[in-house]
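Residue numbers (this note's numbering), protein chains in the order written: chain A, -19 to 204; chain B, -19 to 204. Take a look at the structure set out below.
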DNA sequence: AAGGAAATCGCATGTTCGTGGTATTTTTCA
DNA sequence: TGAAAAATACCACGAACATGCGATTTCCTT
């Protein structure tokens, strides 16, 4: 169940980690003037914020600048989360760099906002996060979806036969030719022949390349 | 480059695929009363819509119900997209079923909206899609991020050294030991030793297993 | 200054792989 | 029913791999 602070008597506790002091201060004042929200701590670096995690009560939400000097915001995400998985982290960034977006979201950020968002929009996003949502800038949301689709797109059909697909499975899972032969009750030679044909169809020459290609292009369906 | 129809003289062409006729009609009237938008065709099944793709001009956006009788909306996504990759598909659904969400987004849906969204919200979403965004219901966005984080969580740290990570990269990309040695200006023996150590740390005994493990557990960062 | 971890290089041996062949028996489908 | 495709099986040889050992150098930390 998602925990919301709506009904608590305590206000939502928000930390800011942002090196630009004027932006930090203006954000803090906006938050502190919002009913039900308190910006109890603000920091200019991740290191200081992490230190405060040892002594201060945990925040509900951290607004985290990604482009910080010292420890990058991305590395910090895991560390904040290691204190409590319930801490929501919303990334603030100037530009929507693909890699940063991807990495931050992989590390468990709850949202991703561009800094040119209005302050109202940022406050709204905090509320959205607390309600179990994920505030995403429009274009970033699309990039996320594109990555999503790319991860699962089957581009090419190499016209493998059923038997070949089956053997590819075992190959990818790390079995040797002999082990595959044993598992499928075939002779080593038969497996060898099939693998030769697979190599031709996939245009590779080594086992390593087959496995790599199979993963990259989603040539098999994971069973778990 | 993202194509927008904003500056065209032609209105945005929107198809509806939805089996509830009253909902379909009310949606159509809202769209047709919106300046710059036309709902030229509406359908009660995917099959009929796909048939129309053969004869009618392609739509810019399709609002697609997922829970349709006959062909599921999810299967239809690929088919619509196969006509033109530029057709944006926005999913309409009553409930935010995890699997449906995941599958639809994997197939290339541009957005995902719950049917209890206001009609204004839906019109706004169409505009957002055309502007290169991805309208996502708040809770769905969070689920997407959760899946994202789960897919890329690095569970175990095998304590590989920098050099070992580097060699693992090349190993995974399909190079032989000798090729790695050449690329890093090392002797074959050095690479061999590193690989031995990698095997120990990852607890594997074959190249195939290393590659498999590396992909499964995201032991390396993709560079693109 | 000392200790340890990491990186480097070397050798030897048995195993597995990659690839060139050829050939027989199903299975499939027009 | 008859040809094509797929699956099965075999051999041989050089290349690449896995793994046992030992050794020196470089760099970091205390």
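For glycine and all other residues, C-beta sits at the position ideal for the given N, C-alpha and C.
Residue i - containing beta strand (DSSP E), residue span
i	result
residue 17/B	17 to 23
residue 92/A	91 to 94
Integer Cβ distance of residue i from residue j, believed to fall under 8 Å
i	j	result
residue 143/B	residue 169/B	Not quite, the Cβ-Cβ distance comes to about 14 Å (not below 8 Å), so this is no contact.
residue 36/A	residue 21/A	6 Å
residue 120/B	residue 81/B	6 Å
residue 47/B	residue 73/B	7 Å
residue 39/B	residue -6/B	6 Å
residue 65/B	residue 33/B	With 8 Å as the limit, residue 65/B and residue 33/B do not qualify as a contact, their Cβ atoms being about 13 Å apart.
residue 154/A	residue 188/B	5 Å
Residues bridged to residue i (per DSSP)
i	result
residue 42/B	-5/B and 69/B
residue 116/B	92/B
Residues of its chain near residue i, where Cβ-Cβ distance is below 6 Å and the 5 sequence neighbours each way are ignored
i	result
residue 58/B	87
residue 128/A	none
residue 192/B	none
residue 30/A	59
residue 43/B	-4, 70 and 72
residue 205/A	Any answer about residue 205/A is impossible in this case: the structure gives chain A only from -19 up to 204.
residue -2/A	4 and 45
residue 94/B	117
Helix, strand or coil at residue i [DSSP, three-state]
i	result
residue 154/A	coil
residue 2/B	helix
residue 189/A	helix
residue 74/A	coil
residue 159/A	helix
residue 123/A	helix
residue 138/A	coil
residue 99/A	helix
residue 12/B	helix
residue 275/A	Residue coverage of chain A in this structure runs from -19 to 204, which leaves residue 275/A outside it and unanswerable.
residue 83/A	helix
residue 108/B	helix
residue 7/A	helix
residue 128/B	helix
residue 199/B	coil
residue 48/A	coil
Unbroken alpha helix (DSSP H) run spanning residue i, endpoints
i	result
residue 53/B	53 to 63
residue 29/A	26 to 35
residue 182/B	168 to 182
Close Cβ partners of residue i (< 7 Å) along its chain, the five nearest in sequence each way excluded
i	result
residue 109/A	41, 68, 70, 90, 91 and 115
residue -19/A	Because residue -19/A sits at a pLDDT of 41, beneath the cut-off of 50, its placement in the model cannot be relied upon, and the point is left open.
residue 204/A	Only weak support exists for where residue 204/A lies, its pLDDT of 26 falling under 50; the value from the coordinates is given anyway. No residues qualify anywhere along the chain.
residue 8/A	-4, 19 and 22
residue 184/A	190 and 193
Chain-order list of residues whose beta-carbon lies under 8 Å from that of residue i (same chain, five-residue window excluded)
i	result
residue 166/A	160
residue 61/A	67, 69, 87 and 88
residue 164/B	146, 147, 150 and 171
residue 178/B	140, 144, 147, 148, 151 and 190
residue 104/B	115
residue 1/A	24
residue 54/B	46, 80, 83, 84 and 87
residue 157/B	168, 171, 172 and 175
residue 181/B	138, 139, 140 and 144
Near the ligand FAD: residue i beta-carbon under 6 Å from a heavy atom
i	result
residue 57/A	Among the ligands in the structure shown, none appear at all, so the ligand FAD cannot be discussed.
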